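In the order they appear, the protein sequences are chains A and B. For the first sequence, the UniProt record's numbering assigns the number 1 to the initial residue and increments by one for each residue that follows. For the second sequence, the UniProt record's numbering assigns the number 1 to the initial residue and increments by one for each residue that follows.
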Amino acid sequence: MTLAGWSMILLFVVLIVALAKPAGAWMHALYARETLPLGFVERGFYKLAGIDPKAEQSWVGYAASLMMFNLGGIALLFAILKLQGVLPMNPQGFTGMESLLAFNTAVSFVTNTNWQNYGGESALSNLSQMAGLTVQNFLSAAVGIAVAFAFIRGFARKQASGIGNFWVDVTRATLYLLLPISVVLALVYVVLGVPQTFGPSVVATTIEGAKQTIAVGPVASQLAIKMLGTNGGGFFNANSAHPFENPTALSNFLQMLSIFVLGAGLTLTFGKAVGNVRQGWAILAAMMLLFVAGVAVAYGAEAAGNPIHHALGVAGGNMEGKEVRFGIAATALFAVVTTASSCGAVIGMHDSFTAIGGLVPLFNMQLGELVIGGVGSGLYAVLIYCILAVFIAGLMVGRTPEYVGKKIESREMKLAVIAIAVPPLAILGLTAVACITGAGLAGPAAKGAHGFSEILYAFTSGAANNGSAFGGLSGNTPFYNLLLALDMFVGRFGVILPVLAIAGGLAAKRRVPEGAGSFPTTGLLWIGLLAAIIVIVGGLTFLPSLALGPIADQAQVAAGTVL
Amino acid sequence: MLTETLRALRPAAVLLLLMTLVLGLLYPAAITGVAQVALPVQANGSVLSNAKGEPIGSALIAQNFTGPTYFHPRPSAAGKDGYDASSSAATNLAPGSKDLRDAIAKRVSSARAEGMTGDLPADLVTTSASGLDPDLSPEAALLQAPRVAKARGLAVAKVKSLIEAQTDTPVLGIIGEPHVNVLLLNRQLATLSATTPGQ
Chain A
1 MTLAGWSMIL
11 LFVVLIVALA
21 KPAGAWMHAL
31 YARETLPLGF
41 VERGFYKLAG
51 IDPKAEQSWV
61 GYAASLMMFN
71 LGGIALLFAI
81 LKLQGVLPMN
91 PQGFTGMESL
101 LAFNTAVSFV
111 TNTNWQNYGG
121 ESALSNLSQM
131 AGLTVQNFLS
141 AAVGIAVAFA
151 FIRGFARKQA
161 SGIGNFWVDV
171 TRATLYLLLP
181 ISVVLALVYV
191 VLGVPQTFGP
201 SVVATTIEGA
211 KQTIAVGPVA
221 SQLAIKMLGT
231 NGGGFFNANS
241 AHPFENPTAL
251 SNFLQMLSIF
261 VLGAGLTLTF
271 GKAVGNVRQG
281 WAILAAMMLL
291 FVAGVAVAYG
301 AEAAGNPIHH
311 ALGVAGGNME
321 GKEVRFGIAA
331 TALFAVVTTA
341 SSCGAVIGMH
351 DSFTAIGGLV
361 PLFNMQLGEL
371 VIGGVGSGLY
381 AVLIYCILAV
391 FIAGLMVGRT
401 PEYVGKKIES
411 REMKLAVIAI
421 AVPPLAILGL
431 TAVACITGAG
441 LAGPAAKGAH
451 GFSEILYAFT
461 SGAANNGSAF
471 GGLSGNTPFY
481 NLLLALDMFV
491 GRFGVILPVL
501 AIAGGLAAKR
511 RVPEGAGSFP
521 TTGLLWIGLL
531 AAIIVIVGGL
541 TFLPSLALGP
551 IADQAQVAAG
561 TVL
Chain B
1 MLTETLRALR
11 PAAVLLLLMT
21 LVLGLLYPAA
31 ITGVAQVALP
41 VQANGSVLSN
51 AKGEPIGSAL
61 IAQNFTGPTY
71 FHPRPSAAGK
81 DGYDASSSAA
91 TNLAPGSKDL
101 RDAIAKRVSS
111 ARAEGMTGDL
121 PADLVTTSAS
131 GLDPDLSPEA
141 ALLQAPRVAK
151 ARGLAVAKVK
161 SLIEAQTDTP
171 VLGIIGEPHV
181 NVLLLNRQLA
191 TLSATTPGQ
């Protein structure tokens with residue numbers, strides 16, 4: 001580890017905290033339905049789609065709209081991928097995608113996962129990348145923000161029957177937040193060297209006389225929303241490690257900031273909406289605590305390097321699967337950022353990280369991606385843990401738990417437990433299935449404990465809607481295409497539906513004023529309690545699987561054994 | 001539940017189509033338009049050309065160099081033979097992989113055969129994440145300087161100072177790592193002497 005490396009990490013944390021405030025304030029304006037400039041655009045959309053923007057939806061109506069919108073999105077994306085061979089904007093002449101792969105990809109992008117069982121530059125037409133994937137990059141992020149808004153309304157409203165309007169939330173998040181920022185970011189990325197063209201590949205004759213076909217495309221426009229919307233699906237197979245998808249250390253730093261900025265801002269949107277912005281800062285502080293701890297472990301492990309390679313006469317940290325322009329500090333930082341959020345883009349190959357360096361991204365996702373988290377999904381995931389934390393604190397002192405003025409009762413707890421239990425059930429259940437079937441065991445490339453890690457990582461990444469991979473796993477098989485699609489679907493909607501149900505119940509309750517007996521949810525004690533409960537619940541659930549995977553892997557490498 | 005679902009049909013369908021139009025076609029087309037007019041070099045892949053105007057590669061993408069008169073890029077796992085810029089890829093080998101250890105051991109021994117001593121910089125003997133990493137660490141480039149200088153009949157010091165001149169330093173001293181672009185470095189070699197590259 002170097003001083004320069006830690007200085008960069010510190011600068012990153014400071015900038016995120018600084019950017020959270022304006023981002024949070026802007027999203028509060030969207031949340032609170034304040035009138036915005038260019039309102040005619042928004043109104044035009046509502047008119048054409050037959051939406052009454054003033055209508056309030058119950059949680060059931062909100063959920064039904066959300067499911068219809070997402071199922072429709074899956075169907076549309078599947079159709080585009082299947083038919084890309086006969087659709088325009090296909091300069092490379094790619095054929096339609098195979099059905100199971102197209103199904104997996106459609107579910108993957110609609111659930112904000114962006115797990116990719118294909119290599120972008122060798123499988124997808126420009127139309128598929130733009131009208132297919134880029135659209136869902138926007139919309140899946142907007143859906144996350146909408147659910148977060150609905151959940152916030154549950155806490156902020158008193159004795160209300162509705163939790164907002166899904167169509168309005170999605171439209172506003174897309175048109176007034178994601179799209180304008182993406183336009184600016186996309187142009188900055190082009191300045192830094194990211195291609196943006198509809199032309200075919202460049203065919204060059206290298207200095208030594210070889211023929212090199214260089215894939216290009218409309219990369220910058222997809223890259224901007226891929227990061228901002230914590231989607232993570234790469235234009236190229238190598239994702240943001242590809243020099244065209246991340247040309248310089250500066251473009252890389254910008255990408256990391258744009259992954260975190262909205263998620264961090266939403267904590268303050270929440271605080272403002274419930275009338276005490278310190279509630280938001282407290283959540284952000286707990287997140288940052290867990291984040292910096294993760295960075296320290298991952299950076300330390302990667303900088304220490306691999307003893308097996310040191311014995312061969314190789315110096316320093318682990319550079320297998322990393323790029324020189326980023327180096328070890330930025331690659332470790334990025335790996336934590338991309339898995340603490342639900343992004344899943346990579347600038348280095350997690351499969352080739354040291355065992356402990358690879359454990360951190362895995363553990364981050366298993367915690368439920370609530371350290372900043374995905375846009376929207378991070379906030380609703382961490383608020384579920386806030387409910388759990390006040391419940392546990394309530395048990396300790398023997399009082400009915402309350403959080404930001406809402407009593408947390410039996411219905412909330414039952415639903416919160418469902419939201420917390422569904423992802424681990426999917427992850428561990430499907431990993432177990434893969435480990436006892438031939439089709440499952442055919443997947444991993446690595447032998448021994450690391451092979452288990454590859455399977456565990458895939459199902460963790462899927463259910464957490466992350467999308468990064470231990471790339472050694474051959475995922476493009478009927479078995480993995482289907483099971484991972486199921487994993488992603490359950491991991492997304494198995495959390496969203498209970499969250500909306502809680503929101504509906506909370507919105508109907510009266511707000512109780514804070515009394516002497518209320519457990520304070522702003523101070524250091526609360527921040528520590530929240531962080532501890534997140535780690536303990538995540539740790540107890542997944543520790544056995546981590547012991548079988550990365551921890552056993554680390555022991556093997558430390559002993560100098562190769563497989 | 002059923003009424004709510006049916007009522008959602010029209011908004012879902014219309015909104016999906018509208019959004020596909022705006023986000024999937026208008027947005028990328030607008031960005032492409034601006035980029036192609038204002039920043040044509042970057043927008044088309046930072047392509048480098050020779051004196052005749054024919055493309056020789058991209059300033060951002062590694063291409064292979066094997067001859068002794070050139071600096072060699074990092075090993076590549078992209079495509080069948082490496083450096084395939086239409087098929088970026090990494091090895092994804094595990095830290096405890098025998099294949100990875102053997103591959104690194106092989107690269108270390110060819111470095112030794114070339115006369116490189118001491119612990120080798122890790123980037124010189126490992127594959128990158130994209131297989132198209134255009135850069136080397138300054139240390140990895142400096143270790144190749146004696147070979148290049150000898151093959152070109154140049155003073156080693158002259159080659160080393162070219163490497164230093166071509167080294168990019170971190171932004172603000174902390175963002176990024178020092179690195180040398182191999183293709184740009186190799187193009188600059190021609191300025192050092194009258195020898196025709198490749199001979």
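In this text, a Cβ means the ideal position worked out from N, Cα and C, and glycines have one as well. Nothing here was measured: the structure is a model prediction, and the numbers come from that model.
Going by DSSP, what residue range makes up the beta strand (DSSP E) through residue i?
| i | result |
| --- | --- |
| H179 of chain B | H179 to N181 |
| G57 of chain B | P55 to S58 |
| T205 of chain A | V202 to T205 |
| L48 of chain B | V47 to S49 |
What would DSSP say about residue i, mapped onto helix, strand or coil?
| i | result |
| --- | --- |
| I214 of chain A | strand |
| I347 of chain A | coil |
| L93 of chain B | coil |
| T5 of chain B | helix |
| K509 of chain A | coil |
| K406 of chain A | strand |
| L312 of chain A | coil |
| L482 of chain A | helix |
| I80 of chain A | helix |
| Q136 of chain A | helix |
| L120 of chain B | strand |
| M89 of chain A | coil |
| A194 of chain B | Unreliable placement is indicated for A194 of chain B, whose pLDDT of 47 sits below 50; no coordinate value is reported for it. |
| V375 of chain A | coil |
| I16 of chain A | helix |
| E164 of chain B | helix |
Would you tell me roughly how many angstroms separate the C-alpha atoms of residue i and residue j, rounded to the nearest one?
| i | j | result |
| --- | --- | --- |
| Q129 of chain A | A102 of chain A | 13 angstroms |
| A156 of chain A | P22 of chain A | 21 angstroms |
| T111 of chain A | L81 of chain A | 16 angstroms |
| P68 of chain B | V346 of chain A | 34 angstroms |
| V143 of chain A | Q554 of chain A | 39 angstroms |
| I61 of chain B | L132 of chain B | 5 angstroms |
| F138 of chain A | A449 of chain A | 37 angstroms |
| A29 of chain B | A273 of chain A | 37 angstroms |
| P218 of chain A | R33 of chain A | 34 angstroms |
| L192 of chain B | A157 of chain B | 12 angstroms |
| Y385 of chain A | G316 of chain A | 39 angstroms |
| A296 of chain A | E454 of chain A | 23 angstroms |
| T20 of chain B | G132 of chain A | 8 angstroms |
| L38 of chain A | Y176 of chain A | 9 angstroms |
| L359 of chain A | I418 of chain A | 26 angstroms |
| T206 of chain A | A149 of chain B | 22 angstroms |
Cα-Cα, which of the options is closest to residue i?
| i | options | result |
| --- | --- | --- |
| Y457 of chain A | A:A303, A:G344 and A:G515 | A:G344 |
| residue 574 of chain A | A:A559, A:S341 and A:Y380 | The structure shown does not extend to residue 574 of chain A, since chain A is modelled only from 1 to 563, so the question has no answer here. |
| Q63 of chain B | B:R187, B:L192 and B:L21 | B:R187 |
| Y480 of chain A | A:K54, A:P37, A:S7 and A:L100 | A:L100 |
| A145 of chain B | B:M116, B:D135, B:L21 and B:Q42 | B:M116 |
| G539 of chain A | A:G72, A:F489 and A:I420 | A:I420 |
| A241 of chain A | A:V194, A:F270 and A:A286 | A:V194 |
| K211 of chain A | B:D84, B:L21, B:Y27 and B:G45 | B:D84 |
| L529 of chain A | A:T431, A:M396 and A:T477 | A:M396 |
| P55 of chain B | A:E208, A:Q159 and A:G440 | A:E208 |
| Q196 of chain A | A:T248, A:S221, A:L185 and A:E409 | A:S221 |
| A285 of chain A | A:P478, A:V382, A:Q57 and A:A552 | A:V382 |
How far does the alpha helix (DSSP H) with residue i in it extend, from its first residue to its last?
| i | result |
| --- | --- |
| E139 of chain B | P138 to R152 |
| P28 of chain B | Y27 to A38 |
| A83 of chain B | Note on identity: in this sequence residue 83 of chain B is Tyr, with Ala being the wrong assignment. Where Y83 of chain B is concerned, there is no enclosing alpha helix (DSSP H), given that its DSSP letter is neither H nor E. |
| Q279 of chain A | V277 to A304 |
| K106 of chain B | K98 to A113 |
Return the bridge partner residues of residue i from the DSSP annotation.
| i | result |
| --- | --- |
| T174 of chain A | According to DSSP, T174 of chain A bridges with nothing at all. |
| V171 of chain B | B:I175 |
| D135 of chain B | B:N181 |
| Q196 of chain A | A:P218 |
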